[in-house]
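**Q** Starting off with a structure, shown below.
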Amino acid sequence: MNEQVRRNADRFPPDFAFELTAEEADQLKRLRSQFATLKRGQHRKYLPRVFTEHGALMAANVLNSKRAVEMSVFVVRAFMKMRSALSDTRELARKLASLEREVKSRLDAHDAAIVEVMQRILDLIAPPEPPAPPTATPRKNRGGRAATGRRQN
Numbered sequence: 005m006n007e008q009v010r011r012n013a014d015r016f017p018p019d020f021a022f023e024l025t026a027e028e029a030d031q032l033k034r035l036r037s038q039f040a041t042l043k044r045g046q047h048r049k050y051l052p053r054v055f056t057e058h059g060a061l062m063a064a065n066v067l068n069s070k071r072a073v074e075m076s077v078f079v080v081r082a083f084m085k086m087r088s089a090l091s092d093t094r095e096l097a098r099k100l101a102s103l104e105r106e107v108k109s110r111l112d113a114h115d116a117a118i119v120e121v122m123q124r125i126l127d128l129i130a131p132p133e134p135p136a137p138p139t140a141t142p143r144k145n146r147g148g149r150a151a152t153g154r155r156q157n
């Protein structure tokens, strides 16, 4: 595969295929199954090459075998499913955001109503203080004089 990519370098620009860094290759090596990998050679000659969607299709076109054609069809279907799943996820995220806004506005309205009901209940439980009795001021008698509290003859 590496040889075919090198021979057809013009078909694999950097946005179609690229080599992993040594660190990325080490992480990838840890993820691989120990039983499904070949054990010939302990060290790798080349860093692994990875392909984007378009690069995978181009690689399938470069490799001209029945297996390459099958893999090309498989890759196309896999990317179609990934796009569909991504589209569904975006639609769900949009609907979830809309629902969140609607619920928040309803909760805000309910919060205001609950605060008002609580205030009215508190007003009923603790009625306002009765007004203070008026301060004692001398009353005027009929003649316009202030009453002294004693009866005058």
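Sequential numbering of the sequence shown, starting at 5, is according to our numbering.
Backbone N, C-alpha and C define an ideal beta-carbon position, used for all residues, glycine too.
I need the straight-line Cα distance from Q31 to S109, nearest angstrom please.
**A** Going by the C-alpha atoms only, they are around 47 angstroms apart.
**Q** Among R53, N6, Q8 and P17, which residue has its Cα nearest to the Cα of A26?
**A** Comparing Cα-Cα distances from A26 to each of R53, N6, Q8 and P17, the minimum goes to R53.
**Q** From I92 to A82, what distance separates their C-alpha atoms?
**A** Note on identity: in this sequence residue 92 is Asp, with Ile being the wrong assignment. Their Cα atoms are separated by approximately 15 angstroms.
**Q** If we count the other Cβ atoms within 10 Å of its Cβ and call it buried at 16 or more, is A117 buried or exposed?
**A** By the neighbour-count rule (16 or more Cβ atoms within 10 Å), A117 is not buried but exposed.
**Q** Hey, quick one: how far does the alpha helix (DSSP H) through E133 stretch, first residue to last?
**A** No alpha helix (DSSP H) contains E133, which DSSP labels as neither H nor E.
**Q** To the nearest angstrom, report how far apart P137 and D115 are at their CA atoms.
**A** In a straight line, the C-alpha of P137 is about 40 angstroms away from that of D115.
**Q** Quick one: Cα of R87 to Cα of N68, how far?
**A** R87 and N68: Cα-Cα distance of roughly 27 angstroms.
**Q** Return the chain-ordered list of same chain residues with a C-beta closer than 8 angstroms to the C-beta of H58, the five sequence neighbours on each side being excluded.
**A** Same-chain partners within the cutoff: D19 and F20.
**Q** When you compare the CB positions of A55 and A63, do they come within less than 7 angstroms of one another, or not?
**A** Contrary to the premise, residue 55 reads as Phe rather than Ala in this sequence. Yes.
**Q** What are the residues that DSSP puts in a beta bridge with E23?
**A** Answer is R53, bridged to E23.
**Q** Compare the C-alpha of K49 against each of A60, M122, A29 and R94 and name the closest.
**A** Of the candidates A60, M122, A29 and R94, the one whose C-alpha sits nearest the C-alpha of K49 is A29.
**Q** So is A60 buried or exposed if we call it buried at 16+ other beta carbons inside 10 Å?
**A** With 16 or more Cβ atoms within 10 Å of its Cβ, A60 is classed as buried.
**Q** I'd like to know whether the C-beta atoms of V66 and N12 end up nearer to each other than 7 angstroms.
**A** Yes, the Cβ-Cβ distance between V66 and N12 is below 7 angstroms.
**Q** In the structure shown, what three-state DSSP assignment does L67 receive?
**A** Reduced to three states, the DSSP call for L67 is coil.
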